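See structure below.
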Amino acid sequence: MVQPLGYNANQCYNMRSWFALYTRPRHEKQVFEELTNRGIEAFLPTYKVRRRWSDRYKIVEEPLFKNYLFVRMPIERYHEILRPYGAVSFVKFDDKPAEIPAAEIEAIRTLVSSELPYNPHPYLKVGRKVRVKTGPLEGCEGILTRKKGLARLVISIHLLQQSVIAEVDASDVEPK
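Quick note: the sequence shown uses the numbering used here, first residue 1384, plus one each step.
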């Protein structure tokens, strides 16, 4: 990685954090390339997907998180990152760019560099209402729970104040 003039990585390492940069639709790769060409550490995780053209199929790489890429920088350089065409804004809390834990970025890096198959998946939070999209419970709605690491669907009859629980594959459910 090329460092900007006057930048000492050892001195500033603790001052550099990961942030999520929101981009215009389909501008992730363009923004990523411009940032890396300017010596700014950026991370754009991708996955391979098979797309059909009118005359053939082709394997293409698409961003794992649509409209997002990750940037590691000192907070003072925050405005410099928004210069490339297609960069919209940082994900913020309290009007400041929100820091992403390095462990989460490293987990994604490890997955992307592994040989394991992976795909984007809707963010599912335990306790959230979900709908089963495939399998024997297709179309059923309930609350997602976890027990011993397994995803479970709680289906309730509110009038009776009774519920049943069934084990489901987390990839078979979607947020409602």
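Glycine residues also receive a C-beta, built at the ideal position from the N, C-alpha and C atoms.
None of the values given here were measured: they were computed from a predicted structure.
Exposed unless 16 or more other CB atoms sit within 10 angstroms - verdict on residue i
i	result
Val-1454	buried
Gln-1386	In this prediction, Gln-1386 scores a pLDDT of 37, lower than 50, which makes its location untrustworthy; the coordinate-derived value is nonetheless stated afterwards. Its Cβ having fewer than 16 others within 10 Å, Gln-1386 is exposed.
Asp-1552	exposed
Val-1325	With the chain covering only 1384 through 1559, there is no way to say anything about residue 1325.
Val-1513	buried
Ile-1581	For residue 1581 there is no data in the structure shown, the boundaries of the chain being 1384 and 1559.
Glu-1411	buried
Gly-1525	buried
Ile-1540	exposed
Proximity of residue i and residue j at Cβ, strictly below 8 Å
i	j	result
Val-1556	Leu-1527	yes
Ala-1570	Thr-1406	The question about residue 1570 has no answer, for the chain in this structure spans 1384 to 1559.
Leu-1452	Val-1495	no
Tyr-1430	Glu-1445	yes
Val-1515	Leu-1536	yes
Pro-1428	Phe-1448	yes
Val-1443	Arg-1434	yes
Rounded Cβ spacing between residue i and residue j (contact assumed at less than 8 Å)
i	j	result
Ala-1490	Phe-1402	Contact doesn't hold; Cβ gap of about 17 Å is too wide.
His-1504	Ser-1554	7 Å
One or two residues paired with residue i in a DSSP bridge
i	result
Ile-1337	Outside the shown range of the chain (1384 to 1559) lies residue 1337, about which nothing can therefore be said.
Trp-1401	Arg-1455, Ile-1483
Ala-1425	Val-1454
Gly-1525	Val-1513
Glu-1550	Arg-1535
Tyr-1440	Arg-1435
Glu-1498	For Glu-1498, which the question treats as bridged, DSSP gives no partner whatsoever.
Phe-1473	Leu-1404
Pro-1558	Val-1513
Lys-1530	Leu-1533
From the options, residue whose alpha carbon lies closest to that of residue i
i	options	result
Tyr-1506	Lys-1559, Pro-1467, Pro-1457, Asp-1478	Lys-1559
Leu-1404	Asn-1450, Arg-1434, Arg-1439, Asp-1478	Asn-1450
Gly-1422	Pro-1503, Ser-1400, Met-1456	Met-1456
Arg-1511	Pro-1467, Ile-1538, Val-1432, Arg-1460	Ile-1538
His-1462	Pro-1500, Pro-1484, Leu-1418	Leu-1418
Ala-1425	Asp-1477, Ser-1400, Tyr-1440	Ser-1400
Arg-1529	Ile-1548, Glu-1521, Pro-1408	Ile-1548
Pro-1519	Asp-1478, Lys-1441, Glu-1550	Glu-1550
Lys-1479	Asn-1502, Arg-1492, Arg-1460	Arg-1460
Residue i beta carbon near the ligand SAM (any heavy atom closer than 7 Å)
i	result
Gln-1545	Although the ligand SAM was asked about, the structure shown includes no ligands whatsoever.
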